[in-house]
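Visitor: At the far end of the sequence shown sits residue 594, using the working numbering, and the numbering has no gaps.
Quick reminder that beta carbons are idealized off the backbone N, C-alpha and C, glycines included.
None of these values were measured; they are calculated from a predicted model.
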Amino acid sequence: MPISYMEFSIKLFGINSLKEKRSIVKRLISDIRNKFNVSVIENDLQDSKSYINLALSFVSINKSAAYRTMENLEEYIEQFYNVENVIKEVYD
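In structure tokens:
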């Protein structure tokens with residue numbers, strides 16, 4: 503069973519406070535967890551108003567399912583946010 507890891511760097515625009523950013527991060531994390539059943543955390547840049555850095559991990563039945571889930575996750579996040587960098591890794 504492959505274990506997958508992804509990391510997203512997301513650029514935010516028009517955010518005036520960390521409270522606003524936290525609201526966006528909480529909603530995004532909740533949406534990702536509910537829609538894709540993956541583990542997700544904000545792993546860096548918590549004090550930055552202009553960037554979100556999320557790390558996600560999940561276990562799949564096989565590699566093709568892992569890659570499919572990663573593509574779906576990337577498409578889902580990119581439809582709402584300006585993603586600047588994505589790291590994808592699958593471990594056997």
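Can you check which of these residues, Phe515, Asp594, Pro504, is closest to Ile554 by C-alpha distance?
Guide: Cα-wise, what sits closest to Ile554 is Phe515.
Visitor: Comparing C-alpha positions only, which one of Ser552, Arg570, Glu586, Tyr569 sits nearest to Leu520?
Guide: Looking at the Cα atoms, Ser552 is the closest of the given residues.
Visitor: Give a yes or no on whether the C-beta atoms belonging to Leu575 and Leu547 are separated by under 8 angstroms.
Guide: No, the pair does not count as a contact, with Cβ atoms beyond the cut-off.
Visitor: Does Leu530 come out as helix, strand or coil in the three-state DSSP assignment?
Guide: Helix.
Visitor: State the DSSP-derived secondary structure class of Asn564, mapped to helix, strand or coil.
Guide: The answer is coil: DSSP assigns Asn564 none of H, G, I, E or B.
Visitor: For a test of the three-state rule: what should DSSP assign to Leu558, helix, strand or coil?
Guide: Strand, per DSSP.
Visitor: Do Ile534 and Val527 have their beta-carbon atoms positioned less than 8 angstroms apart in this structure?
Guide: No, they are not a contact pair.
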